[in-house]
Each structure stands twice: as C-alpha cells, then as structure tokens.
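Quick note: this note's numbering has the sequence shown finishing at residue 1316, numbered continuously throughout.
Glycine included, every Cβ here is placed at the ideal spot set by N, Cα and C.
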Amino acid sequence: MKAQPKTLSVTLYIYAKEGFDKQVEFNTLTCAPANTTYWGALIHQQDVEITLPSINKSDLIHAQINALKAEKEKVLASAQLEVNRIEDHIQSLLCIEGQPVPAADMELPY
C-alpha cells in the first residue's frame, strides 16, 4: 500500500472584480480559468504547501458516511418541500371546485 503524503502543494490564483455594490470581490481558485470575465483580474498567484492530517481507512469511511447522511437530509428536506407544494396545490384546486376536503386530508401528520 502506498504511503499517505504528508503535504499537499497547490497553486492559488486570486482574482478581484468590482461587485454590484461597488465593493471589491475576491475569488480564490486552484486553477487558472479559461474565461476570466466572470472571475475578474488575476491579482496574485501563490504556491502553498499544506500539511495533511493523518487519516486511516476507518476515519475516511466515517467521513464519507457522515457526508452521505448530510446529503440524505438535504434531499429529504427538499422532497418534503415539494410534497407540501403539491399538497397545497391539490387543496387549492379542491377549494376552487367547491368540493369538501376529505377527512383524511384534515388530519395532522403528527
């Protein structure tokens, strides 16, 4: 098994542009973009060496699991918002038709 590197070398490209509020906005990238119109003018380039933390396979797996759990929560929250939007639309259409709302739809979900 290959040994984990102790450091990571990266070049940072720092761009600046004037924002909508007339303040200077800075953007830091790890690569030089092909189109600089969005990022602004390159004002500085810096080589940086970062000391990497020691991590074992178990730590990596736990970090991946935690990231997936966080992603799952975001998906569930987004799906619930969409379900609520659809249910509101259904209820508004029922009101327009003048039909009574079914008793099952009146029950609270909790």
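Original post:
Just how far apart, CA to CA, sit residue 1236 and residue 1248?
Top reply: Numbered from its first residue, the sequence shown carries residue 1236 at position 30. Numbered from its first residue, the sequence shown carries residue 1248 at position 42. Just so you know, the alpha carbons of residue 1236 and residue 1248 end up roughly 12 Å apart.
**OP:** Please confirm whether any heavy atom of the ligand GTP lies closer than 6 Å to the CB of residue 1209.
**Re:** You won't find the ligand GTP in this model; it holds no ligand whatsoever.
Original post:
Can you list, in chain order, the residues of its chain whose CB lies under 8 Å from that of residue 1343, leaving out five sequence neighbours each side?
Top reply: Nothing about residue 1343 can be read from this structure; the chain reaches only from 1207 to 1316.
Original post:
For the putative contact between residue 1256 and residue 1214, defined by C-beta atoms under 8 Å, what is the C-beta separation to the nearest angstrom?
Top reply: To locate residue 1256, count along the sequence shown from 1; it is residue 50. To locate residue 1214, count along the sequence shown from 1; it is residue 8. Residue 1256 to residue 1214, Cβ: 5 Å. Contact.
**OP:** Using the DSSP secondary-structure output, state which residues sit across from residue 1243 in a beta bridge.
**Re:** Taking the sequence shown and counting its residues from 1, the one referred to as residue 1243 is at position 37. Paired residue(s): none; residue 1243 is not in a bridge.
Original post:
Do residue 1246 and residue 1275 have their CB atoms nearer than 7 Å?
Top reply: In the sequence shown, the residue the question calls residue 1246 occupies position 40. In the sequence shown, the residue the question calls residue 1275 occupies position 69. No, Cβ-Cβ distance for residue 1246 and residue 1275 is not below 7 Å.
Original post:
Apart from the five residues just before and just after residue 1234, which ones in its own chain have a Cβ nearer than 6 Å to its Cβ?
Top reply: On the sequence shown, position 28 is the one that residue 1234 refers to. Once the five neighbours on either side are set aside, the close Cβ partners of residue 1234 are 1218, 1220.
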